[in-house]
Amino acid sequence: MKNFKLSSGKEIPAIGYGTFRIPNESVNELILEALRAGYTHIDTASYYENETGIGQALSECDKNRSDLFITTKVWNEEIRNRKIKESCSESLEKLKTDYIDLLLYHWPVGNIIETWKDFEYLKKEGLVKHIGVSNFKEHHLDTLLKNCEIKPEINQIECHPLLNQKNLREYCNSKGILVSAWSGFMAGELLTNKELLSIGKRYKKTIAQIILRWNFQHNIITLPKSSSENRMRENLDIFDFHLSEEDMYYIDSMNRDQRCGPDPDFINF
Ligand code: NDP
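First residue of the sequence shown: 10, per the working numbering; consecutive thereafter.
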C-alpha cells in the first residue's frame, strides 16, 4: 500500500475500504476480509449505522491499532444541534477505540465556523488525530479557512472521471488540503464504460483498476467499496503500472460534471 502525506506530515493510505450501505450485520466479516486483503484504512460514518460491527471486527483482528487508519463522520442532525462532541464519543464507543484517526464534517450544514470549533476541540483533546471536511465546495472552505485555528487536512468529495472536480482539487491543493474521492466508480455505474475498458485492455487492468490508478496519479485518495474478497484484492492491485500522460489526459477529458450523488449546495437532508 502506498501512502499520501497530510499537511501535518503524517501519512494516510492512498486507498481506503468504503463501507457505505454495508449493513451492520455483515460488516464485521467484510472488514476482517478487507484487513486480510491488505487494507489498513477504513472509511465509515455515524450515518452508515455500521460502526458497531466495524468496532467488533477491529477488536477481533490481529492488527495493532496504530497500524490502522479509521475515518468516521459527524452527521447533519448532530451538526445542526451542535452535538459534535457527543457524536464523537458515540463513535469512539461503537468503534471500540480511544481515538479516531480522521473525523469528518459530513456535509456543509449548520454554522460552519461554530461547528469547526468543536472539531478543533476534539483534536486538541487527542480524541481525534486529524480533522477534515466532506462535500465542501470552495465557498464553504473559504468561510472555514478565514475563521479557523486548525485547517482541515482532507476534503472528501464525490470524484470520478465524469466529475473530476479539477477546480476544487486545485483549490484544495493550494491550501494544503488532500482530496479524497467518494463513489470513485460512481457506485458501480462507471464499471462498464467502454472508453475505460479499452484503456484497461492495453495495460491488462480492469476498469476499476484504471480509475483507482488515475486517482492515485492525481494524488487523490479513493475509498472503493466491495463485498467480494476478489474485488477487494483487485482494487489494491494498482501499484505495478503507470498510466501514460496521454491516458491521464484522456481520462481527464471525460469530465461531464455529472454527479451520482447530491450537489452540496442543494441538499434537503
Ligand atoms: P463505489 O464507487 O466504491 O462503488 C461500489 C460498487 O462498485 C459496488 O456495487 C461494488 O460491488 C462495485 N465494485 C467495487 N469494486 C469492483 C470491482 N473491482 N469490479 C467490479 N465492481 C466493483 O461506491 P460507494 O458509493 O460505496 O463509494 C465508496 C465509499 O465512499 C463509500 O463506501 C463510503 O465509504 C464513501 N462515501 C462517502 C460519501 C460522503 O458523503 N462523504 C458519500 C458516498 C460514499 P461489490 O460490492 O459487489 O463488489
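Each residue gets a CB set at the ideal place from its N, CA and C atoms; glycine is no exception.
- For the pair of segments examined, the region 193–207 was found to touch the region 230–240: the number of CB pairs separated by less than 8 Å reaches three.
- Look at Lys138 here: in three-state DSSP terms it is strand.
- Comparing alpha carbon positions, the residue from Ala217, Lys210 and Ser189 closest to Ala23 is Ser189.
- For the set Arg211, Gln218 and Glu95, the Cα lying nearest the Cα of Leu200 is the one of Gln218.
- Leu171 and Glu162 have their C-alpha atoms some 25 Å from each other.
- Around the beta-carbon of Ser75, fewer than 16 other beta-carbon atoms lie within 10 Å, marking it exposed.
- Annotation for Phe145: no alpha helix (DSSP H) segment contains it, and DSSP assigns it neither H nor E.
- Rounded to the nearest whole angstrom, the C-alpha separation of Ile121 and Lys214 is 42 Å.
- Here the C-alpha atom of Leu112 lies approximately 5 Å from the C-alpha atom of Ile140.
- Under the three-state reduction of DSSP, Ala23 is assigned to coil, being neither helix nor strand.
- DSSP lists His169 as the beta-bridge partner residues of Leu172.
- Looking only at Asp256, Glu129, Ile63 and Ala46, the smallest Cα-Cα distance to Thr81 is reached by Ile63.
- Per DSSP, the unbroken alpha helix (DSSP H) holding Tyr212 starts and ends at Lys203 to Tyr212.
- Collapsing the DSSP output to three states places Asn244 in coil.
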